[in-house]
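Colleague: Submitted below is the structure of interest, expressed as structure tokens.
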Amino acid sequence: MADSEYALELKGITKIFPGIKALDDVYFKLKTGEIHALMGENGAGKSTFIKVITGVHAPEEGEMYLNGRQVAFNHPTDAQKAGIAAIYQHVTCYPDLSVTENIFMGHEKIRRRTRCILWDDMHKEAERLLGELGAGFDPRTPMGALSVAEQQLVEIAKALSVDAKIIIMDEPTAALTSNESEELYRIAERLRDNGASIIFISHRFEDMYRLASKVTVFRDSKYIGTWNVDEIANSDLIVAMVGREISQLFPKKEANIGEEILRVEGLGKAGYFADVSFSLRRGEILGLTGLVGAGRTEVCQTLFGVERYDKGKVIFKGKELKVRNPRDAMRQGIGYLSEDRQKQGLVLQWDIGRNITLSALEKFSGGGAIDKRKELEVAKSLAEKVGVKAKSVFDLVSSLSGGNQQKVVFAKLLTAELDVLILDEPTKGVDVGAKSAIYEMINELARSGYGIVLVSSEMPEVIGMCDRVAVMREGRITAMLDREVLTQEAILKASMDDTAPGALEGRRAEA
Amino acid sequence: MKRQITESAGVPGAQINIGKPARSVSEMIGKFRELGLLGFILLLSVGVQLRNPSFLTWENISDIATNTAILSILAVGMMLVIITRGIDLSIGATLAVSGMISALLVSHYPGIHPLLAIASGIGIGLICGMVIGCLVAWVNILPIIATLGMMNVYRGLTFEASGGKWVSAHQMPTGFKAIATGTLFGVNNLILIAVAIYIVAYYFISHTRSGRRIYAVGSNPDSATISGIRSGRVLWLVYTIMGGLSGLAGVLWVSKFASAQGDTASGYELSVIAACVLGGVSIAGGVGKISGIVLGSVLLGILNNALPMIDVSPFWQMFIQGTIILIAVLINALVKRGIDRNHLMRRKI
Chain A
1 MADSEYALEL KGITKIFPGI KALDDVYFKL KTGEIHALMG ENGAGKSTFI
51 KVITGVHAPE EGEMYLNGRQ VAFNHPTDAQ KAGIAAIYQH VTCYPDLSVT
101 ENIFMGHEKI RRRTRCILWD DMHKEAERLL GELGAGFDPR TPMGALSVAE
151 QQLVEIAKAL SVDAKIIIMD EPTAALTSNE SEELYRIAER LRDNGASIIF
201 ISHRFEDMYR LASKVTVFRD SKYIGTWNVD EIANSDLIVA MVGREISQLF
251 PKKEANIGEE ILRVEGLGKA GYFADVSFSL RRGEILGLTG LVGAGRTEVC
301 QTLFGVERYD KGKVIFKGKE LKVRNPRDAM RQGIGYLSED RQKQGLVLQW
351 DIGRNITLSA LEKFSGGGAI DKRKELEVAK SLAEKVGVKA KSVFDLVSSL
401 SGGNQQKVVF AKLLTAELDV LILDEPTKGV DVGAKSAIYE MINELARSGY
451 GIVLVSSEMP EVIGMCDRVA VMREGRITAM LDREVLTQEA ILKASMDDTA
501 PGALEGRRAE A
Chain B
1 MKRQITESAG VPGAQINIGK PARSVSEMIG KFRELGLLGF ILLLSVGVQL
51 RNPSFLTWEN ISDIATNTAI LSILAVGMML VIITRGIDLS IGATLAVSGM
101 ISALLVSHYP GIHPLLAIAS GIGIGLICGM VIGCLVAWVN ILPIIATLGM
151 MNVYRGLTFE ASGGKWVSAH QMPTGFKAIA TGTLFGVNNL ILIAVAIYIV
201 AYYFISHTRS GRRIYAVGSN PDSATISGIR SGRVLWLVYT IMGGLSGLAG
251 VLWVSKFASA QGDTASGYEL SVIAACVLGG VSIAGGVGKI SGIVLGSVLL
301 GILNNALPMI DVSPFWQMFI QGTIILIAVL INALVKRGID RNHLMRRKI
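From first to last, the protein sequence lines stand for chains A and B.
Each step along the first sequence adds one to the number in UniProt numbering, with nothing skipped, and position 482 is 482.
Each step along the second sequence adds one to the number in UniProt numbering, with nothing skipped, and position 242 is 242.
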């Protein structure tokens, strides 16, 4: 066996998905017996990187070495056999099957001759592994009945059951309380002391300082650098992760903010978010940010009537708002631009005009038939208003670029008479030039009196555009930041920190 | 600040306490579903018995069991398909084509051993299933579309093979007809075959890797990919098994009714799916037990047998069957919603 200082080494890995480079010439070195943190913003390519290591995706370019020997994984089982196990960000379990099965799926213990599964042995082994991790539940329980923290333990037990030498933990603490995280740290340290090497992906600086000896940062699918944890300051790390300076992209002009139009008080939905309160005034752009999965989209969909809340209330234009469904919400004056415009927002095979007027057809219909001329006029004027770049409104939406498609979605929203616009990641997957046009448009809309909720993970966008920003973390608002105190550091701190000083700041901002 | 902390510390605990009792109720219903079904069957039987004392006679019970055997054999295969989140609408046609071809075989070569006739039926069914398996697993056609198309193909083949004519009782040798009518130790062969299939299937799905992988693919296809399970093979396997069982059922059917026709078992797939649903197999995949589908088949069998015995008009019979299926699905959905909700309640924010 060719010995090497490094248990795992990746050189120049590039992975291309149709249309995007998910990984661009990425390097990574993992020493034997170390815990190595991997950090980066949402969409920096960490999850894809993991899937390359575990053989789920084959990279287009690059080399991978295990203990100094070059390997190539074509299938997840290859990586498993090589002693690599991953604990994924979203627990990838079989909710209908027992804990034991979840641990052993893919490598069940079988009697050699009859190939019959040895259930008793497996239950016993599962019990031993869970006991080692300090878990007190029966391995015969169905996985779906466990809490997220317990499921996390099962995932770790799975890694132990294959006797993995390299263990990848993809944001294992994201859904855990601080006590549970502490338990996880101890487990990770014990694994390391037993000779395993661990790649630890996390958004929390706390995790990194507590556990890791090295940290590697990815940004925008690229490798940024590797540092010793005790040699890099918090602020430098943030710069490495965020990178970009906030450019002239954001033409923020003085907003003329009017009366309060929407107030949310103590909104909660079991399992998704709790105690969410904020207010929105006419002409104001309120940012709603936080890590993916913090509950931002759920809050917005609740306001729009897609989902229901079970606690708290919403005051809209001075009256308590009850929306039964999105249609109802639109009629009352709330519009929502969904995150995934291709799935929910547009009919790609239709032309621009028909897409724009789709949700407001009753306005153009008389006696059951649609007044084509009126429809066309409205579509044309709206398309001009948002500045869609196309030869005519008869062009198919599928022929437009991402930014122009987004503009069509905006135009479609504007056919209704709205007071509040909720925009969920309006510039996701849009190139830089189109972005600034969209920003211009959002500002224009705010100036003409709409109250706007802007959901975004992109920090420059949030800072450049918003008058106030609410930061969410794990289903709660942890900070309400006014424009004057709006910095990347403040946002990162509020969206990652375990302790939430934001509760106080929030009150100050609202007072 | 202080208040904040005590609040957030108190809330999750309280949620768990609220969650727990309700959870155990839904879990109990989930766990004892089969018992509930059994209870319902017993109640129904007693009710019918009070109206017509000839219902619970040995003869009638054996009659019900014989009539249910073929349904339950098919339900075993259908359960596997549904567990992988699929559906197979072609089984009535597969049954017909394999029944017809083996009937033609024995009518041309009357000397053939009955076991060989059975083997030919199974073989044809397997081939039919393999074709569907390929379409679903590797060509990635939705199961409902693939099986709908192949249903017509196989039905057409049946008519083509027979030239539109029936193969009737006098053309079949006694040995062939005895497959379904014969007995061993006083028990009808069909019942014995069905029981043997339950046992093999039970062993397969709970004690072999391939069997467990069927559940894994249905329970969470993404995880299955990450665990390195080749989903394509698993899908191919379940449709092939389904085909094989349909082929077997075809021979049994033709032998039992002593007649093979072009429209044999037309629409029968729906009864099979109904038996699975009644037996607690979840259309969303990942869930299903042999004991459940056996009870589901028995319940359908009893309804078919009992309703005429207590003079319910044929029109109302269908109405009642439909209502019972809907109630079963409704209970299933409510239990699932309750369990999901309680899991969410346990999640801390």
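For glycine and all other residues, C-beta sits at the position ideal for the given N, C-alpha and C.
The model shown is predicted, which means the values in this text are computed figures rather than measured ones.
(1) Taking a cut of 9 Å between CB atoms, which residues from the segment 215-227 of chain B lie near chain A?
(2) Run the proximity test for B:Ile293: is its beta-carbon closer than 7 Å to any non-hydrogen atom belonging to the ligand SAM?
(3) Out of B:Leu44, B:Ala284 and B:Phe315, which has the shortest C-alpha to C-alpha gap to B:Arg337?
(4) With distance defined between alpha-carbon atoms, name the residue in A:Glu132, A:Phe137 and A:Ser147 nearest to A:Ile187.
(5) Assuming B:Gly250 contacts B:Ser107 (C-beta within less than 8 Å), just tell me the rounded distance between them.
(6) Strictly under 8 Å for the Cβ-Cβ distance: is B:Thr208 near chain A by that measure?
(7) So, does the segment 451-463 of chain A touch the segment 284-298 of chain A, judging by three or more C-beta pairs under 8 Å?
(8) Could you round the C-beta distance between B:Ala146 and B:Cys276 to whole angstroms and report it? I think they count as a contact, below 8 Å.
(9) I want to verify the contact list: residues of chain A whose CB lies under 8 Å from the CB of B:Gly286, in sequence order.
(10) What is the rounded straight-line gap between the Cα of B:Val329 and the Cα of B:Ile87?
(11) Using a Cβ-Cβ cut-off of 8 Å, state whether A:Ile246 counts as contacting chain B.
(12) How many Å lie between B:Val200 and A:Asp120 at the Cα?
(13) Can you check whether the C-beta of A:Gln80 is within less than 8 Å of a C-beta belonging to chain B?
(14) May I have the straight-line CA-CA distance separating A:Ile370 from A:Thr357, to the nearest angstrom?
(15) Would B:Ile283 pass as an interface residue toward chain A - the criterion being a Cβ-Cβ separation below 8 Å?
(16) Strictly below 9 Å CB to CB, what residues from chain B border A:His57?
(17) In angstroms, rounded to a whole number, what distance separates the CA positions of A:Asp464 and A:Glu180?
(18) Can you tell me where the beta strand (DSSP E) holding A:Ser197 begins and where it ends?
(19) Determine the burial state of A:Glu9: buried for a count of at least 16 other Cβ atoms within 10 Å of its Cβ, exposed for fewer.
(20) Listed in chain order, which residues of the segment 108-127 of chain A have Cβ atoms closer than 7 Å to some Cβ of chain B?
(21) Please report the distance separating the alpha-carbon of B:Ser227 from that of A:Tyr185.
(22) Run the CB neighbour count on B:Tyr215, radius 10 Å, all protein chains shown included, and call it buried at 16 or more, exposed below.
(23) Taking Cβ to Cβ, would you say A:Pro59 is nearer than 8 Å to A:Leu30?
(24) Could you confirm whether any beta carbon from chain B is found closer than 8 Å to the beta carbon of residue 528 of chain A?
(25) Contact criterion: CB-CB distance below 8 Å. Does A:Leu106 meet it with respect to chain B?
(26) State buried or exposed for B:Trp138, treating a residue as buried only when at least 16 other CB atoms are found within 10 Å of its CB.
(27) Tell me the DSSP secondary structure of A:Phe304 in three-state form.
(28) Measure the alpha-carbon distance for A:Thr14 versus B:Val195 and round it to whole angstroms.
(29) Buried or exposed: B:Leu184, going by 16 or more other Cβ atoms within 10 Å of its Cβ?
(30) Would you give the residue range spanned by the alpha helix (DSSP H) that A:Asn74 belongs to?
(31) Suppose the cutoff is 7 Å on Cβ atoms and the five residues either side in sequence are ignored; what does the same chain contact list for B:Val48 look like?
(32) Leaving out five residues before and five after B:Met150 in sequence, what residues of the same chain have Cβ atoms less than 6 Å from its Cβ?
(33) May I ask you to report which of helix, strand or coil DSSP gives A:Ser401?
(34) Hey, how far is the Cα of A:Ser399 from the Cα of A:Met105?
(35) Measure from the C-beta of A:Tyr309 to each C-beta in chain B and report whether the shortest distance is under 8 Å.
(36) Evaluate the contact criterion for the segment 112-126 of chain B versus the segment 235-250 of chain B: three or more CB pairs, one atom per stretch, below 8 Å.
Modeller: Well, looking at it:
(1) Tyr215, Ala216, Gly218, Ser219, Asn220, Asp222, Ser223, Ala224, Thr225, Ile226 and Ser227
(2) This structure lacks the ligand SAM, and indeed carries no ligand of any kind.
(3) B:Ala284
(4) A:Glu132
(5) At roughly 15 Å, the Cβ-Cβ gap does not stay under 8 Å, so B:Gly250 and B:Ser107 are not in contact.
(6) yes
(7) yes
(8) Not really, about 19 Å apart at Cβ, beyond 8 Å.
(9) Tyr94, Pro95, Asp96 and Leu97
(10) 16 Å
(11) Low local confidence applies: a pLDDT of 46 at A:Ile246 is under 50, so the model's placement there is unreliable, with the coordinate-based value given in what follows. No, no contact with chain B.
(12) 20 Å
(13) yes
(14) 11 Å
(15) no
(16) Those within 9 Å of A:His57 in chain B number zero; the least Cβ separation is about 11 Å.
(17) Reading the sequence as shown, one finds Gly at residue 464 of chain A and not Asp. Looking at the two C-alpha atoms, the distance is approximately 37 Å.
(18) Ser197 to Ile201
(19) buried
(20) Glu108, Ile110, Arg115, Cys116 and Ile117
(21) 25 Å
(22) buried
(23) no
(24) The structure shown does not extend to residue 528 of chain A, since chain A is modelled only from 1 through 511, so no value can be given for it.
(25) According to the sequence shown, residue 106 of chain A is Gly rather than Leu. Yes, contact with chain B.
(26) exposed
(27) coil
(28) 56 Å
(29) exposed
(30) Where A:Asn74 is concerned, there is no enclosing alpha helix (DSSP H), given that its DSSP letter is neither H nor E.
(31) Phe55, Ala306, Met309 and Ile310
(32) Ser90 and Ile132
(33) coil
(34) 44 Å
(35) no
(36) yes
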